[in-house]
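Visitor: Have a look at the structure that comes next, please.
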Amino acid sequence: MTIQRLHSNSRMSQAVIHNGIVYLAGQIGAPGEDVTTQTKAVLDSIDALLAEAGTDRSRLLQATIWLADMSDFAAMNAVWEPWIGGNNPPARATGEVKLATPDYKVEIIVTAALA
């Protein structure tokens, strides 16, 4: 079976496709923006990478959401919930972690089935 890598560098790939599944790297928004703006940017990046891989958010299997501060949980969900639409929600976990820099508020990692 082949493995296809999208937007790779020496450290990582933004997406890896194998055996009918696409695995996305953690997506982040513009540093310094609020969690709402960063979440919107992250979800736009996810949509673009999934489309490039040949699938979309309706085929999400799993999502892991990292927040720099759990007090941003409601604001992140206010963007996430309309985006996911409620019809095909993935298995999901959300936790608080120290992200790469204090300017990042949210990072989202997803796995999806190919269409």
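31 is the number of the first residue of the sequence shown in the working numbering; add one for each residue after it. Virtual Cβ for every residue (Gly too), placed ideally from N, Cα, C. Predicted model, so just to flag it, every value in this text is computed and none were measured.
Identify every run of the alpha helix (DSSP H) within the stretch 44–128, keeping only runs that are complete inside it and at least 4 residues long; order them along the chain.
Guide: 65–83, 103–114
Visitor: Taking the alpha carbon of A98 as the point to measure from, which residue in N117, T85, L90, L129 has its own alpha carbon closest?
Guide: L129
Visitor: With burial defined as no fewer than 16 other Cβ atoms inside 10 Å of the residue's Cβ, what is the status of M168: buried or exposed?
Guide: Outside the shown range of the chain (31 to 145) lies residue 168, about which nothing can therefore be said.
Visitor: Just to confirm the assignment, what range does the beta strand (DSSP E) spanning S38 have?
Guide: 33–38
Visitor: What do you get for G59, buried or exposed, if any count of 16 or more other CB atoms within 10 angstroms of its CB means buried?
Guide: Per the 10 Å Cβ criterion, buried.
Visitor: For Q34, count the other beta carbons within 10 Å of its own beta carbon; 16 or more makes it buried, fewer makes it exposed. Which is it?
Guide: exposed
Visitor: Let me know if T131 comes out buried or exposed under the rule of 16 or more other beta-carbons within 10 Å of its beta-carbon.
Guide: exposed
Visitor: So the beta strand (DSSP E) A143 belongs to, where does it begin and stop?
Guide: 136–143
Visitor: Out of curiosity, what's the CA-to-CA distance linking S38 and V109?
Guide: 28 Å
Visitor: Is the beta carbon of I138 closer than 7 Å to that of V52?
Guide: No, the Cβ-Cβ distance between V52 and I138 is not below 7 Å.
Visitor: Using a Cβ-Cβ cut-off of 7 Å (strictly less than) and excluding sequence neighbours within five positions of A143, which residues of its own chain qualify?
Guide: For A143, the CB contacts under 7 Å within the same chain, skipping 5 residues up- and downstream, are G50, I51, T85, R89, L91 in chain order.
Visitor: Given that a residue counts as buried once 16 or more other Cβ atoms are within 10 Å of its Cβ, and exposed if not, what is A78?
Guide: exposed
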